[in-house]
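Chemist: Under numbering that gives the first Met the number 0, residues 0 to 318 are what the sequence shown spells out, in order.
C-beta atoms are modelled at their ideal positions from N, C-alpha and C, and glycine is treated no differently.
Below: one structure in structure tokens.
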Amino acid sequence: MQSELHDTKLRDKGAAAIRRVHAVVNPSSGGVGPEAAAELEALLAELGLEHRVSELNPEACERIARGAVDAGPDLVVVLGGDGTARLVAEMCGAEGPLVAPLAGGTMNKLGRALYGAAPWPETLRDLLEAGQPRWVPAGEIEGEAKAAGGSRAFYCGAVLGSPALLAQAREAIRARAIRRAWRQTVIAQRRAFRARVSYQLNGEIGRGVAVSLICPTIAQDEAAEALKAAVLDPPDPDAGAAAGLRLVVSNLSGDWRQDPHGALPCLTGRAWARTPIPVMLDGEFFRFGRRVEFRFRSQGFRALSRPMEAASMAHGLCA
């Protein structure tokens with residue numbers, strides 16, 4: 000295994016090499032606030048960096064994020080929720096700019112896993128003064144995705160199966176569409192434990208209500224070089240709704256200690272069903288085709304990390 004410190008994509012790419020920064024702010028993410036963009040711009044100006052700050056809006060999220068990445072900065076700062084971080088990190092990938100996914104949304108599992116619970120201005124200042132790059136691993140799902148363009152990466156976790164429909168209700172609540180949220184919740188409850196998916200994990204074939212996948216960063220297991228996979232298959236349908244909700248919550252939080260189903264390491268797998276499989280990636284809803292494949296990638300994207308964190312995580316993330 001090759002150490003991060005000898006990786007040519009990471010060498011000499013720390014804070015000292017950062018000159019141009021493009022920040023992407025999602026003001027609709029809970030916790031960001033209307034003044035966040037101005038505060039972020041003032042901080043970058045104070046540090047004397049060439050910079051640009053772009054605010055996302057629902058009608059042009061992907062276009063604005065793509066413009067920030069394609070501008071070719073040394074660093075893309077993301078201030079938003081896990082969905083915003085996922086979008087930008089996926090666009091950057093292993094070959095693009097460094098990414099700093101700051102905690103600015105409601106869940107913020109990725110930002111908090113990388114940087115802890117410190118306020119984002121303090122975190123960003125530390126990163127720009129002494130940060131070092133590190134690889135963040137990813138999962139990748141590929142299929143005939145109607146809304147996802149064929150494949151998508153995720154950096155927190157994924158749920159494959161009807162419990163992922165709860166993500167639609169969550170999105171409606173964030174948009175303050177209460178009636179739609181209620182309708183989506185009812186639909187999710189009706190369908191959650193009637194539809195089943197077949198799966199193959201580590202060569203074993205089975206059927207269940209859903210498959211949940213967690214990335215090492217969120218599972219707090221940086222030495223792992225695999226996804227953690229668990230199958231939801233409650234024997235009692237009457238207890239299914241609670242089990243499905245718990246699966247979604249544990250997937251978002253990465254807390255497998257509360258999940259009696261446990262989790263197993265998984266490098267690759269696949270799932271298939273009679274109807275298109277609902278999927279939740281980092282808290283966001285996608286609908287794929289009837290067959291999907293998933294895999295682990297040790298090099299998802301390059302994050303700017305605090306020096307001690309970059310050094311302590313160097314041993315387990317690079318092939």
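Starting from MET90, follow the alpha helix (DSSP H) in both directions and report where the run begins and ends.
Modeler: As a working note, residue 90 is residue 91 in the sequence shown. Its alpha helix (DSSP H) spans residues 81-91.
Chemist: Which same chain residues end up closer than 6 Å to LEU46 when comparing Cβ atoms and leaving out the 5 residues on each side of it in sequence?
Modeler: Here residue 46 corresponds to residue number 47 of the sequence shown, with the count starting at 1. Taken in chain order, the residues that qualify are LEU127.
Chemist: Could you give the residue range of the beta strand (DSSP E) that holds GLY207?
Modeler: On the sequence shown, residue 207 is found 208 positions in, with the first residue counted as 1. Start and end: 203-207.
Chemist: I'd like to confirm the pairing. Which residues does DSSP put opposite ARG65 in its beta bridges?
Modeler: Your numbering for residue 65 matches position 66 in the sequence shown. Note: ARG65 sits in no beta bridge, so no partner.
Chemist: CB-CB under 6 Å to GLU283, same chain, minus the five flanking residues each way: which ones, in chain order?
Modeler: Looking up residue 283 in the sequence shown gives position 284. So the qualifying residues of the chain are GLY82.
Chemist: How far does the alpha helix (DSSP H) with PRO215 in it extend, from its first residue to its last?
Modeler: As a working note, residue 215 is residue 216 in the sequence shown. Element bounds for PRO215: 215-218.
Chemist: For ARG289, decide whether its Cβ has a neighbour in chain C, counting only Cβ atoms nearer than 8 Å.
Modeler: No chain C appears in this structure, which consists of one protein chain only.
Chemist: I need the boundaries of the beta strand (DSSP E) containing TYR198, first residue and last residue.
Modeler: Mapped onto the sequence shown, residue 198 falls at position 199. That run of the beta strand (DSSP E) goes 196-200.
Chemist: Using the Cα positions of ALA22 and VAL278, report the straight-line distance between them to the nearest angstrom.
Modeler: Along the sequence shown, read from residue 1 onward, the residue named residue 22 stands at position 23. Along the sequence shown, read from residue 1 onward, the residue named residue 278 stands at position 279. So the alpha carbons of these two residues sit roughly 28 Å apart.
Chemist: Give me the Cα-Cα distance between GLY207 and ALA152, rounded to the nearest whole angstrom.
Modeler: Taking the first residue of the sequence shown as 1, we reach residue 207 at position 208. Taking the first residue of the sequence shown as 1, we reach residue 152 at position 153. Whole-angstrom Cα-Cα distance: 23 Å.
Chemist: Check each candidate in GLY66, PHE295, ALA157 and VAL24 and name the one with the smallest Cα separation from LEU231.
Modeler: By one-based count along the sequence shown, residue 231 stands at place 232. The option with the nearest alpha carbon to LEU231 is ALA157.
Chemist: Just curious, the alpha helix (DSSP H) that ARG111 is in, first and last residue?
Modeler: Taking the first residue of the sequence shown as 1, we reach residue 111 at position 112. Per DSSP, ARG111 belongs to the alpha helix (DSSP H) from 108-114.
Chemist: Under the assumption that ILE63 contacts VAL291 (Cβ atoms under 8 Å), give the Cβ distance between them as a whole number of angstroms.
Modeler: Here residue 63 corresponds to residue number 64 of the sequence shown, with the count starting at 1. Here residue 291 corresponds to residue number 292 of the sequence shown, with the count starting at 1. With 8 Å as the limit, ILE63 and VAL291 do not qualify as a contact, their Cβ atoms being about 28 Å apart.
Chemist: Taking DSSP as the reference, what is the three-state secondary structure of ARG273?
Modeler: Position 274 of the sequence shown, counted from the first residue, corresponds to residue 273. DSSP places ARG273 in coil when its eight states are reduced to three.
Chemist: Out of TYR154, ALA14, SER150 and ALA35, state which residue places its alpha-carbon closest to the alpha-carbon of PHE300.
Modeler: In the sequence shown, counting from the first residue as 1, residue 300 sits at position 301. Minimum Cα distance to PHE300 is reached at TYR154.
Chemist: Helix, strand or coil: which one does DSSP assign to GLU143?
Modeler: Counting from 1 along the sequence shown, the entry for residue 143 is found at position 144. Coil at GLU143, not helix or strand.
Chemist: Can you check whether the CB of LEU74 is closer than 8 Å to the CB of VAL20?
Modeler: Against the sequence shown, residue 20 aligns to sequence position 21. Against the sequence shown, residue 74 aligns to sequence position 75. Taking 8 Å as the Cβ cut-off, VAL20 and LEU74 qualify as a contacting pair.
Chemist: Starting from ARG328, trace the beta strand (DSSP E) both ways and give me its first and last residue.
Modeler: Given a span of 0 to 318 for the chain in the structure shown, any question on residue 328 remains unanswerable.
Chemist: Please list the terminal residues of the continuous beta strand (DSSP E) segment that includes GLU54.
Modeler: What you label residue 54 is simply residue 55 of the sequence shown in a count that begins at 1. Note, GLU54: beta strand (DSSP E), 49-54.
Chemist: Quick one: is GLN219 buried, meaning 16 or more other Cβ sit within 10 Å of its Cβ, or exposed?
Modeler: Taking the sequence shown and counting its residues from 1, one reaches residue 219 at position 220. So GLN219 counts as exposed.
Chemist: If you measure between the beta carbons of GLY160 and VAL210, is that distance less than 8 Å?
Modeler: Mapped onto the sequence shown, residue 160 falls at position 161. Mapped onto the sequence shown, residue 210 falls at position 211. It is a contact, given that the beta carbons lie within the stated cut-off.
Chemist: Can you say whether ARG256 is buried or exposed, counting buried as having 16 or more other CB atoms within 10 angstroms of its CB?
Modeler: Taking the sequence shown and counting its residues from 1, the one referred to as residue 256 is at position 257. Unreliable positioning characterises ARG256 in this predicted model, as indicated by a pLDDT of 41, which lies under 50. The coordinate reading is nonetheless provided below. Exposed is the call here.
Chemist: Among ALA270, GLU224, GLU143 and ILE17, which one has its Cα closest to the Cα of LEU263?
Modeler: Residue 263 sits at position 264 when you count from the first residue of the sequence shown. Measuring from the Cα of LEU263, the nearest candidate turns out to be GLU224.
Chemist: With H, G and I counted as helix, E and B as strand and the rest as coil, what does DSSP make of PRO72?
Modeler: Mapped onto the sequence shown, residue 72 falls at position 73. Correct three-state label for PRO72: coil.
Chemist: Using three-state DSSP, classify ALA59 as helix, strand or coil.
Modeler: On the sequence shown, position 60 is the one that residue 59 refers to. Of the three classes helix, strand and coil, the one that applies to ALA59 here is coil, per DSSP.
Chemist: Which whole-angstrom value describes the C-beta separation of CYS214 and PRO162, a residue pair presumed to lie in contact below a C-beta threshold of 8 Å?
Modeler: Your numbering for residue 214 matches position 215 in the sequence shown. Your numbering for residue 162 matches position 163 in the sequence shown. At roughly 18 Å, the Cβ-Cβ gap does not stay under 8 Å, so CYS214 and PRO162 are not in contact.
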